[in-house]
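Note sheet for the following structure.
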Amino acid sequence: MSENSENSDCTEAPGAPTPPGTPPGTSPGTPPGPQPEPIRFFGTTWVDHDGGYALRRAGVAVGSLAAAVAACFVLRFAFQGLEIAEVGSLVGMLVIAMFAICSAVAFRKTWEGFGSRPKDPAREDALRGLKSIGFIGSLLAYFFRSLIEAPGEKLRRTEYESARAQFEKRRSTRTGNPAARKRPKRR
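Each residue of the sequence shown is one higher than the one before, counting from 0 in numbering that gives the first Met the number 0.
See the structure below:
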């Protein structure tokens, strides 16, 4: 299931006219202002911790831990293949070191990604291959973070709350529709 399909409540046909007073780009049932950003596996249930939020967190924790354990077994079989091929102890040690270092880097980068947006997206793209090799570290980061909260919830919550506060501030400083004001009669 995609991230966007979880919060699509609009059953109208595309291109259907919106009722008067509805801001463009929103469905009639959504409140005005900024909308929460969906999180993978959670959608927007992280906002009010409803819609099976606790069950989803438990599922993400169990799923990521099970995937990490399965990945360790696969790597063990690959290492046994290297032993059968008798490539030597140096190659075996290099493979173990490579996976350990890549997993540590992937864990750190994934964990940092839960707390802040990347400062340099180009560098994150360059590290994508390294994070793919160290996928066990990313899975473990998901496991440990899901024990605390939905992975990325703290970041999204601070961004959403600051956007809501700015929206309310802008909305409260408005004086109304200037075109609807009564103009004083000139004499």
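C-beta: ideal position from N, C-alpha, C; glycine also.
Look at G62 here: in three-state DSSP terms it is helix. For E123, the enclosing alpha helix (DSSP H) stretches over residues 120 to 125.
DSSP places G151 in the coil class of the three-state scheme, outside both helix and strand.
Counting along the chain, no alpha helix (DSSP H) covers F40, and no H or E run does either. Comparing alpha carbon positions, the residue from R163, M92, L89, I100 closest to G133 is I100. The residue from A149, K153, Q79, L129 with its alpha-carbon nearest to that of G51 is A149. Here the alpha carbon of G87 sits roughly 15 Å from the alpha carbon of A96.
With fewer than three CB-CB distances shorter than 8 Å, the region 105 to 125 does not count as touching the region 80 to 94.
Under the three-state reduction of DSSP output, G32 falls in the coil class, being neither helix nor strand.
For S115, there is no enclosing alpha helix (DSSP H), as DSSP marks it with neither H nor E. Contact check between the region 160 to 169 and the region 119 to 131: fewer than three CB pairs, one atom from each, fall below 8 Å, which does not count as touching. Here K168 carries a helix assignment [DSSP, helix/strand/coil]. Residues A67, F106 of the same chain have their beta carbon placed closer than 7 Å to that of L139, with the five preceding and five following residues left out of the count. Proximity of the region 152 to 164 to the region 59 to 79 falls short of the contact definition, fewer than three beta-carbon pairs being nearer than 8 Å. Collapsing the DSSP output to three states places K108 in a helix. By the beta-carbon neighbour count (other beta carbons within 10 angstroms, threshold 16), P120 is exposed. With a 10 Å radius around the Cβ and a threshold of 16 neighbouring Cβ atoms, K130 comes out buried.
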